[in-house]
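A.B. asks: Dumping the structure here so I can ask a few things about it.
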Amino acid sequence: MVIDLKRCTGCFGCVVACKAEHHTPPKVFWAKVLRNESGKYPNSTRQPIPVICMHCKEPECEKVCPTGATVKREDGIVVVDHEKCVGCRYCVVACPYGARYFTDKWKDYFTGKDEPSSKYAEYSKKKWMEDSDRGVVTKCTFCVERVEKGLLPACALACPAEARTFGDLDDPDSEVSKLIKKKHGFRLKEELGTDPSVYYLPAR
Amino acid sequence: MAETQQKEMMCAPRAQLEWGFGGRRKLRDGALLIALFLGGIGAGQFVVSTWIFNYPLSAVIGMIFVAVGKSAAHLAYLGRPARFFRLFLKPKTSWISRGLIAMIVLIVAGVAYLAPYLTPWVGMTWTAWTMTDTIGQMFLYVAVVAAFIVMVYDGFVLNSCKSISSWHTMLLPVMFFTYAIAGGVAMSALTTMFDSGSTLSTENLVVLDGFLLGAMFALVIFYVMNLYASDMTGKESLHRLLMSKTAIFFIGLALIAGLAVPLALTLVHQAGIQGTIATTLLAISALLELAGDLSVRHSILKAGLHAPVI
Numbered sequence: 122m123v124i125d126l127k128r129c130t131g132c133f134g135c136v137v138a139c140k141a142e143h144h145t146p147p148k149v150f151w152a153k154v155l156r157n158e159s160g161k162y163p164n165s166t167r168q169p170i171p172v173i174c175m176h177c178k179e180p181e182c183e184k185v186c187p188t189g190a191t192v193k194r195e196d197g198i199v200v201v202d203h204e205k206c207v208g209c210r211y212c213v214v215a216c217p218y219g220a221r222y223f224t225d226k227w228k229d230y231f232t233g234k235d236e237p238s239s240k241y242a243e244y245s246k247k248k249w250m251e252d253s254d255r256g257v258v259t260k261c262t263f264c265v266e267r268v269e270k271g272l273l274p275a276c277a278l279a280c281p282a283e284a285r286t287f288g289d290l291d292d293p294d295s296e297v298s299k300l301i302k303k304k305h306g307f308r309l310k311e312e313l314g315t316d317p318s319v320y321y322l323p324a325r
Numbered sequence: 164m165a166e167t168q169q170k171e172m173m174c175a176p177r178a179q180l181e182w183g184f185g186g187r188r189k190l191r192d193g194a195l196l197i198a199l200f201l202g203g204i205g206a207g208q209f210v211v212s213t214w215i216f217n218y219p220l221s222a223v224i225g226m227i228f229v230a231v232g233k234s235a236a237h238l239a240y241l242g243r244p245a246r247f248f249r250l251f252l253k254p255k256t257s258w259i260s261r262g263l264i265a266m267i268v269l270i271v272a273g274v275a276y277l278a279p280y281l282t283p284w285v286g287m288t289w290t291a292w293t294m295t296d297t298i299g300q301m302f303l304y305v306a307v308v309a310a311f312i313v314m315v316y317d318g319f320v321l322n323s324c325k326s327i328s329s330w331h332t333m334l335l336p337v338m339f340f341t342y343a344i345a346g347g348v349a350m351s352a353l354t355t356m357f358d359s360g361s362t363l364s365t366e367n368l369v370v371l372d373g374f375l376l377g378a379m380f381a382l383v384i385f386y387v388m389n390l391y392a393s394d395m396t397g398k399e400s401l402h403r404l405l406m407s408k409t410a411i412f413f414i415g416l417a418l419i420a421g422l423a424v425p426l427a428l429t430l431v432h433q434a435g436i437q438g439t440i441a442t443t444l445l446a447i448s449a450l451l452e453l454a455g456d457l458s459v460r461h462s463i464l465k466a467g468l469h470a471p472v473i
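Heads up: the protein sequence lines correspond to chains H and Y, in order.
The working numbering puts the last residue of the first sequence at 325; the count rises by one with no breaks.
The working numbering puts the last residue of the second sequence at 473; the count rises by one with no breaks.
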């Protein structure tokens, strides 16, 4: 995926789309938008930085996972098998991007209680328990179930500024590869050697 | 909580909230700290008691710390304790797997080594091997090697987290090893006070303890200097250790109560004090050292900050 920081307005549309798609409980953000403040008044700027799992080619989370629950698929997507995860959270502390979340309990968004307060919350709880479960670690899946059907990940589809481009990084003719080459794409914390699969295009 | 969440949404050093007391699950996350502490002092006590002092009762207590205390604390911490067996599946890349496999080896080989000593307690006689013959010594060697791994692996677990500057240092395995051995000496000292049949010389314990306290003091100073010389996140961690609520544990309990006071008490003990006062001083020193060990581990976990993503 390529995220164009020049286009991102920090509207949090991707965050909402991800929540609607995966029904993540409160305080769990598979897609989030961080605020980067730099400079000093009056020459200060605030830049939104959308962050998701980087689906690294050398994922630290996979290396440290003692159970083999975190695996890298052939297509490069890093997923957690919630049937195998024991909830030790080694991957959560080892991930340099803060992309992983441990969920002990499902909680309602509005009441903060274990019991759903509406029919939608009931549906959300059911979906979350089916797809992710409690007592385990969860993370962005690049909407693998959508990608397998040839659809875009929810965050990329929802972005009103079209800041996100999804595609095959291994194909030099793909739009993502061309964008990275043309606009000097960079990656977060490249120095750690994790080889992330999410590129950013500079804001200026 | 809203403030914590707001901070998490900034491009700034981000506190790790998974391991140690006060994490996302408050008290339950502290079980991991207890597991690391009990594992360290238990393995340390086993090594000190068998390898240096030949004191089987103390080795049994160390083994109980590892087999019961550490194991139970780990299970209490896990999100899915029923799947604990999965933790042993990836020793090739994961330090948690390596450490826990070493823990099982330590328990099995340690109990096998101590079997001739333990069986009379239940009215049986063990004839298959003794603690001093070749088989017994073989179990001891295996158990001691496994105990060394148990003492250092938690340092390597933290060291493998590349984005946490205060953890990503080789000083941590060395520090945790030294603290574990010192914890073992302190526990052996406490055991000998309650064991009327003990022939262990407290003089030897005090000399070894003094040496270890000096080494621990030097290592903590190196650790602080290392953080001072590291990147912005490392400096922020140092600020947490020295200037935030964590300072109560790091400066108050780990440095002053856990190192400076026991060191002073050791020197007083060495001055030639005998009898009940000497025993009391030794007991206070041992208890303070154990509190310092727990506090230093707690402080290091609490000071763990992830570097900002950009």
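C-beta atoms are modelled at their ideal positions from N, C-alpha and C, and glycine is treated no differently.
Quick caveat, the model's predicted, so the values are computed rather than measured.
Please check if any C-beta of chain H sits within less than 7 angstroms of the C-beta of Gly-185(Y).
C.D. replies: Not one chain H Cβ lies under 7 angstroms of Gly-185(Y).
A.B. asks: Distance cutoff 7 angstroms, beta carbons only. Does Ala-215(H) sit that close to anything in chain Y?
C.D. replies: Ala-215(H) counts as touching chain Y.
A.B. asks: Comparing the C-beta of Ile-170(H) with each C-beta of chain A, is any distance below 7 angstroms?
C.D. replies: Here chain A cannot be found, since the structure's protein chains are H and Y.
A.B. asks: When burial is assigned at 16 or more other CB atoms within 10 Å of the CB, is Met-388(Y) buried or exposed?
C.D. replies: exposed
A.B. asks: Report yes if the C-beta distance between Arg-249(Y) and Val-207(H) is below 7 angstroms; otherwise report no.
C.D. replies: Yes.
A.B. asks: Given a limit of 8 angstroms on CB to CB distance, which residues of the segment 220-235 of chain H reach chain Y?
C.D. replies: So the close ones are Phe-223, Asp-225.
A.B. asks: Starting from the C-beta of Pro-146(H), find all residues in its chain whose C-beta is less than 7 angstroms away, skip the five residues before and the five after it, and write them out in chain order.
C.D. replies: Thr-224, Trp-227, Lys-228, Trp-249
A.B. asks: Can you check the segment 333-396 of chain Y for any alpha helix (DSSP H) of at least 4 residues that lies completely inside it and give the ranges in chain order?
C.D. replies: 334-357, 365-391
A.B. asks: Quick one: Cα of Met-164(Y) to Cα of Met-172(Y), how far?
C.D. replies: Its pLDDT being 49, under 50, Met-164(Y) is placed unreliably by the model, and the measurement read from it follows with that caveat. Taking the straight line from one Cα to the other gives about 13 angstroms.
A.B. asks: Mind listing the chain Y neighbours of Glu-181(H)? Cutoff is C-beta to C-beta under 7 angstroms, in chain order.
C.D. replies: Lys-325
A.B. asks: Using the Cα positions of Thr-288(Y) and Ala-278(Y), report the straight-line distance between them to the nearest angstrom.
C.D. replies: Taking the straight line joining both Cα atoms gives about 9 angstroms.
A.B. asks: Closer than 7 angstroms, CB to CB, is Val-184(H) near chain Y or not?
C.D. replies: Here residue 184(H) is Lys; the residue named in the question, Val, does not match the sequence. Yes - at least one Cβ of chain Y is within 7 angstroms of the one on Lys-184(H).
A.B. asks: On the three-pair Cβ rule with 8 angstroms, is the segment 229-239 of chain H touching the segment 211-221 of chain H?
C.D. replies: no
A.B. asks: Identify whether Pro-169(H) lies in helix, strand or coil by the three-state DSSP scheme.
C.D. replies: Pro-169(H): strand per DSSP, three-state reduction.
A.B. asks: Hey, is the segment 226-242 of chain Y in contact with the segment 197-210 of chain Y, meaning 3+ C-beta pairs nearer than 8 angstroms?
C.D. replies: yes
A.B. asks: First and last residue of the beta strand (DSSP E) that includes Thr-224(H)?
C.D. replies: Segment 221-224, the beta strand (DSSP E) holding Thr-224(H).
A.B. asks: Does any CB atom of chain H fall closer than 7 angstroms to the CB of Leu-430(Y)?
C.D. replies: no
A.B. asks: Using beta carbons (cut-off 7 angstroms, strictly below), is Val-229(Y) in contact with chain H?
C.D. replies: Nearest CB-CB separation between Val-229(Y) and chain H: not below the 7 angstroms threshold.
A.B. asks: Verify whether the separation of the beta carbon atoms of Pro-425(Y) and Glu-452(Y) is less than 7 angstroms.
C.D. replies: Judged by beta-carbon spacing, Glu-452(Y) lies within the 7 angstroms limit of Pro-425(Y), meaning their Cβ atoms are closer than that value.
A.B. asks: Would you please verify whether the beta carbon of Pro-317(H) is less than 7 angstroms from any beta carbon of chain Y?
C.D. replies: It does not: the Cβ of Pro-317(H) has no partner Cβ on chain Y nearer than 7 angstroms.
A.B. asks: Does the CB of Tyr-320(H) have a neighbour CB from chain Y at under 7 angstroms?
C.D. replies: Under the 7 angstroms criterion on CB atoms, Tyr-320(H) is classed as non-interfacial with respect to chain Y.
A.B. asks: Pick out whichever of Ala-420(Y), Pro-219(Y), Ser-462(Y) has its Cα sitting closest to the Cα of Leu-376(Y).
C.D. replies: Ala-420(Y)
A.B. asks: Give the residues from the segment 150-163 of chain H that approach chain Y closer than 8 angstroms (Cβ to any Cβ), ordered along the chain.
C.D. replies: Those would be Lys-153, Val-154, Leu-155, Arg-156, Asn-157, Glu-158, in chain order.
A.B. asks: Have a look at Ala-152(H) and Cys-276(H) and give me their C-alpha separation to the nearest angstrom.
C.D. replies: 8 angstroms
A.B. asks: In this structure, how does DSSP classify Met-164(Y) when only helix, strand and coil are distinguished?
C.D. replies: With a pLDDT of 49 at Met-164(Y), under the threshold of 50, the predicted position of this residue should be treated as unreliable, though the coordinate-derived value follows. Three-state DSSP puts Met-164(Y) in coil, outside helix and strand.
A.B. asks: Quick check on Leu-313(H) - is its C-beta less than 7 angstroms from some C-beta in chain Y?
C.D. replies: yes
A.B. asks: DSSP three-state label for Ser-159(H), please.
C.D. replies: Correct three-state label for Ser-159(H): strand.
A.B. asks: Using the beta-carbon of each residue, which ones in chain H are nearer than 8 angstroms to Met-172(Y)?
C.D. replies: Chain H residues near Met-172(Y): Lys-153, Val-154, Leu-155, Arg-156.
A.B. asks: Going along the segment 457-472 of chain Y in order, which residues come within less than 9 angstroms of chain H, judged by CB to CB distance?
C.D. replies: Gly-467, His-469, Ala-470, Pro-471, Val-472
A.B. asks: Taking beta-carbon pairs under 7 angstroms, can you tell me which members of the segment 244-277 of chain H lie near chain Y?
C.D. replies: Gly-256, Val-257
A.B. asks: List, in order along the chain, the chain Y residues whose C-beta lies closer than 8 angstroms to that of Thr-130(H)?
C.D. replies: The premise fails here: Thr-130(H) is roughly 16 angstroms from chain Y at the closest Cβ pair, so nothing lies under 8 angstroms.
A.B. asks: So what's Thr-429(Y) in DSSP terms, helix, strand or just coil?
C.D. replies: In this structure, Thr-429(Y) counts as helix in the three-state DSSP scheme.
A.B. asks: Which residues in the same chain have their Cβ closer than 6 angstroms to the Cβ of Ala-449(Y), if we skip the five residues on either side of it in sequence?
C.D. replies: Ala-349, Ala-352, Leu-353
A.B. asks: CB Val-214(H) to CB Cys-174(Y), shorter than 7 angstroms?
C.D. replies: no
A.B. asks: Using the beta-carbon count (16 or more within 10 Å), is Val-459(Y) buried or exposed?
C.D. replies: buried
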